[in-house]
């Protein structure tokens, strides 16, 4: 059953996501020139499925927001409009173009965009398991993109000697965590769980006192901790050695939401809230305190999810939904 808090937030979250996935400009399209004339004239020429929301990974995660809310709160969202956008964006030709570009740029969007693409596909695939015909069709449409990124993980992880730990897009723990459900469906999760154990299994004494950095939107320590709860059969001993007794965090202050890097701190507050909620289930002795801290962090950021500066609005909804949706 969808929680009342999520049902109440769904109209605003969906409206914001629906608007931004169709906003092509401004756009932070990354261009690597191999020869004159390589750059596309406009973002949708290169990314016909995911051209909006300022950048590719944000477009993908905002499509996930729409898919998830359409599934769990269909009466609260503009369902017909969302379905029409999916049908417009996810044509065979559009997905083929996305796969072709990703294949031509092997390190592009690694691992953040990869992980969100797999999160989106897994949402559609698990929904199609329930028999929804549209979800079945959309999951099939995005299957080539999911297959590409699962293959990309298989090629990348064996050569990745060390993890990236800082709280931005290359964060390795987040990249594994968000990709893990899709990898399990495909039967290749061992590659990801092996990497998690290799990278993080011996970690102790998380330096939470060093957080946050000035442009984080992920907590390196908490994200790693949540990953290990998903990987280890009994995470309690590892958590006892990694997290300090009585995790105490204060919501980050955001001095200038129009500054794209500083604005990340709104995301940090929501991603912390999500992680603290997840960890509360793994640490029953600290459950009430962790949930209270999660609520405090969420309260600091939720007012900025919609109607704020576009540097925030084009992506923050995804982290609000991660926090509000107990399935995540």
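In my numbering, the protein residues as written are 733 to 1060. Just so it is clear, CB atoms sit at the ideal spot from N, CA and C, and this is done for glycine as well.
Distance between beta carbons of residue j and residue i, contact taken as under 8 Å
{"i": "residue 878", "j": "residue 853", "result": "4 Å"}
{"i": "residue 746", "j": "residue 801", "result": "5 Å"}
{"i": "residue 950", "j": "residue 899", "result": "4 Å"}
{"i": "residue 925", "j": "residue 1007", "result": "With a Cβ gap of about 19 Å, residue 925 and residue 1007 do not count as contacting."}
{"i": "residue 989", "j": "residue 1040", "result": "6 Å"}
{"i": "residue 803", "j": "residue 859", "result": "5 Å"}
Where the alpha helix (DSSP H) containing residue i begins and where it ends
{"i": "residue 970", "result": "968-974"}
{"i": "residue 773", "result": "Element bounds for residue 773: n/a, residue is neither H nor E."}
{"i": "residue 804", "result": "788-804"}
{"i": "residue 1049", "result": "1048-1056"}
{"i": "residue 734", "result": "No alpha helix (DSSP H) holds residue 734; DSSP gives it neither H nor E."}
{"i": "residue 880", "result": "865-888"}
{"i": "residue 855", "result": "844-861"}
{"i": "residue 913", "result": "904-918"}
{"i": "residue 961", "result": "952-963"}
{"i": "residue 979", "result": "Note, residue 979: premise wrong, no alpha helix (DSSP H); not H, not E."}
{"i": "residue 1001", "result": "996-1014"}
{"i": "residue 1025", "result": "1019-1033"}
{"i": "residue 1037", "result": "Where residue 1037 is concerned, there is no enclosing alpha helix (DSSP H), given that its DSSP letter is neither H nor E."}
{"i": "residue 756", "result": "Taken as a continuous stretch (DSSP letters only), residue 756 belongs to no alpha helix (DSSP H), as it is neither H nor E."}
{"i": "residue 824", "result": "824-836"}
{"i": "residue 784", "result": "Where residue 784 is concerned, there is no enclosing alpha helix (DSSP H), given that its DSSP letter is neither H nor E."}
{"i": "residue 817", "result": "811-821"}
Burial state of residue i (16 or more Cβ within 10 Å)
{"i": "residue 1004", "result": "buried"}
{"i": "residue 733", "result": "exposed"}
{"i": "residue 784", "result": "buried"}
{"i": "residue 1038", "result": "buried"}
{"i": "residue 737", "result": "exposed"}
{"i": "residue 952", "result": "buried"}
{"i": "residue 844", "result": "buried"}
{"i": "residue 895", "result": "buried"}
{"i": "residue 980", "result": "exposed"}
{"i": "residue 1010", "result": "buried"}
Straight-line Cα distance separating residue j from residue i
{"i": "residue 864", "j": "residue 914", "result": "19 Å"}
{"i": "residue 1018", "j": "residue 982", "result": "17 Å"}
{"i": "residue 779", "j": "residue 969", "result": "45 Å"}
{"i": "residue 799", "j": "residue 805", "result": "10 Å"}
{"i": "residue 916", "j": "residue 1052", "result": "25 Å"}
{"i": "residue 986", "j": "residue 909", "result": "26 Å"}
{"i": "residue 958", "j": "residue 1060", "result": "11 Å"}
{"i": "residue 1002", "j": "residue 1025", "result": "11 Å"}
{"i": "residue 932", "j": "residue 960", "result": "8 Å"}
{"i": "residue 796", "j": "residue 937", "result": "34 Å"}
{"i": "residue 1016", "j": "residue 971", "result": "12 Å"}
{"i": "residue 786", "j": "residue 939", "result": "33 Å"}
(message) Would the region 937-946 count as touching the region 993-1012 if we require 3 or more Cβ pairs under 8 Å?
(response) yes
(message) Pairs of beta-carbons, one from the region 819-828 and one from the region 884-898, closer than 8 Å: are there three or more?
(response) no
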